[in-house]
Amino acid sequence: MAKAKREIAAALSLVDIVFELVDARVPASSRNPMLSDIIKNKPRLVIMTKAAIADPAQTPLWEREIRAEGREVLTVDAVTGENIKKITPMAGALATTAKKKVPGMKARPVRAMIIGIPNVGKSTLINRLVGRRAAAVGSRPGVTKAQQWIRINPRLELLDTPGILWPKFEDRAVAMHLALTGAIKSEILSFIEIGEYFIDFLRDHYPDAFKERYGIEAGVSKPDLARHIASTRGVTGDDYYEKAFALVINDFQNARVGRITLDRIEKPI
Ligand SMILES: Nc1nc2c(ncn2[C@@H]2O[C@H](COP(=O)(O)OP(=O)(O)O)[C@@H](O)[C@H]2O)c(=O)[nH]1
Ligand SMILES: [Mg+2]
566 MAKAKREIAA ALSLVDIVFE LVDARVPASS RNPMLSDIIK NKPRLVIMTK
616 AAIADPAQTP LWEREIRAEG REVLTVDAVT GENIKKITPM AGALATTAKK
666 KVPGMKARPV RAMIIGIPNV GKSTLINRLV GRRAAAVGSR PGVTKAQQWI
716 RINPRLELLD TPGILWPKFE DRAVAMHLAL TGAIKSEILS FIEIGEYFID
766 FLRDHYPDAF KERYGIEAGV SKPDLARHIA STRGVTGDDY YEKAFALVIN
816 DFQNARVGRI TLDRIEKPI
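Quick note: the sequence shown, position 9, residue 574 per the working numbering, numbers continuous.
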């Protein structure tokens, strides 16, 4: 944690703006409030990633929530490419260098760094911006190497190494949401606990998606559901219950249950 903080602080002095990456499926749980203490008044653009797999009804409500905090926010999807082209102009408008440019002199590119918790989509966004596979994609943080600038276009340069922010959770629901998105490893929580949590969540919020994915009514008991999943997906063995719920977690992580947002904002009446 201290090391991550030091690394971010060191990189911070090199950049004009921070892109704070937030997962659109967990726009609250994937943020770390400590970030404000670390980056202080450095210009910041909140980038909500994974728009294509988040609930399209929830995303605009979260955008409004983040704007109410006084932050600029842009929702993107680094896999489909949605809104990626808006990053450069928004960064240009927010970063201080662009405003300080001397008349007649060519403005230098805005320098930016990406910061976010594990699995939020940092490497995928860097790759998308660069247009080739420059950063390793995976849930494990890569080996530390010398930082380099990547020229995205004449107006934007990006540090090639993102800042890895540690996930923070004070309650069980946030821990569950972070385990479901893969931001925290499930060593503390069992597959059964996480999977059961997700099933309860699906029943409450997405009963149709539940039925569609599992081919069974949302009211089914968990043991019956586990047996049903085991029989339809070829799961055998005494530990079929755990394996069935591991499959459920996998379904969410691979966006096979539809577009789901775990952190909820109830719609105003
Ligand atoms: N659908 C979708 N998946 C994404 C997006 N960004 C990242 N992912 C997936 O999320 C997982 C974690 O992404 P990664 O870039 O490795 O996260 P990092 O740990 O922050 O670098 C990978 O399976 C990516 O394919 C996105 O915008 N849309
Ligand atoms: Mg990465």
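Built from N, CA and C at the ideal position, the CB exists for glycine as well.
Contact belief for residue i with residue j at Cβ below 8 Å, rounded distance in angstroms
| i | j | result |
| --- | --- | --- |
| Ile759 | Met741 | 6 Å |
| Lys650 | Leu639 | That belief does not hold up - the Cβ atoms of Lys650 and Leu639 are roughly 11 Å apart, past 8 Å. |
| Leu724 | Trp714 | 7 Å |
| Ile757 | Glu807 | 5 Å |
| Thr826 | Arg590 | 5 Å |
| Val685 | Ala748 | 7 Å |
| Gly823 | Ala744 | The pair is not a contact, with the Cβ atoms about 20 Å apart (cut-off 8 Å). |
Rounded straight-line distance, which links the Cα of residue j to that of residue i
| i | j | result |
| --- | --- | --- |
| Asp803 | Arg792 | 11 Å |
| Val785 | Glu752 | 28 Å |
| Ile679 | Leu730 | 10 Å |
| Ile691 | Pro719 | 16 Å |
| Thr746 | Gly669 | 48 Å |
| Ile631 | Val587 | 11 Å |
| Leu600 | Ala677 | 15 Å |
| Leu659 | Glu761 | 43 Å |
| Leu610 | Lys750 | 27 Å |
| Ser594 | Ile682 | 10 Å |
| Tyr771 | Gly696 | 35 Å |
| Gln712 | Ala811 | 37 Å |
| Ile794 | Ala809 | 6 Å |
| Phe734 | Met566 | 14 Å |
| Gly657 | Asp602 | 23 Å |
| Asn648 | Ala622 | 17 Å |
| Arg798 | Pro788 | 15 Å |
| Ile604 | Pro732 | 16 Å |
| Arg716 | Leu790 | 50 Å |
| Gly780 | Ser578 | 53 Å |
| Ala783 | Ala616 | 26 Å |
Top-ranked residue by Cα proximity to residue i, from the options
| i | options | result |
| --- | --- | --- |
| Arg778 | Phe817, Trp714, Arg720 and Met655 | Phe817 |
| Pro654 | Gln712, Asp725, Ile582 and Pro668 | Ile582 |
| Phe766 | Ala738, Ile781, Glu782 and Leu790 | Ala738 |
| Arg829 | Ser755, Ala774, Asp769 and Gly780 | Asp769 |
| Ala576 | Lys607, Ser594 and Asn597 | Lys607 |
| Lys570 | Asn684, Ile781, Arg676 and Asn597 | Asn597 |
| Leu626 | Gly635, Pro592 and Ile612 | Pro592 |
| Gly646 | Ile618, Arg693, Ser594 and Ala633 | Arg693 |
| Val675 | Leu790, Phe584, Tyr805 and Arg821 | Phe584 |
| Thr689 | Thr614, Pro732 and Ala656 | Thr614 |
| Ala573 | Glu637, Pro727 and Ala672 | Residue 573 is actually Ile in this sequence, not Ala. Considering only alpha carbons, the answer is Pro727. |
| Lys687 | Arg716, Asp642 and Ala672 | Asp642 |
| Ile612 | Ala633, Leu790, Ile618 and Glu637 | Glu637 |
| Val580 | Val644, Arg673 and Leu790 | Arg673 |
| Ser755 | Ile814, Gly635 and Val644 | Ile814 |
N- and C-terminal bounds of the alpha helix (DSSP H) containing residue i
| i | result |
| --- | --- |
| Gly657 | Ile652 to Leu659 |
| Glu630 | Thr624 to Ala633 |
| Asn819 | That residue, Asn819, is in no alpha helix (DSSP H); it is neither H nor E in DSSP. |
| Thr797 | Lys787 to Thr797 |
| Met741 | Arg737 to Thr746 |
| Glu722 | Glu722 -> not in any alpha helix (DSSP H); beta strand (DSSP E) instead, spanning Leu721 to Leu724. |
| Pro772 | Pro772 to Tyr779 |
| Asp602 | Leu600 to Ile604 |
| Ile691 | Lys687 to Val695 |
First and last residue of the uninterrupted beta strand (DSSP E) at residue i
| i | result |
| --- | --- |
| Ala677 | Val675 to Gly681 |
| Asn718 | Trp714 to Asn718 |
| Val591 | Element bounds for Val591: n/a, residue is neither H nor E. |
| Val638 | Glu637 to Thr640 |
| Ile612 | Arg609 to Thr614 |
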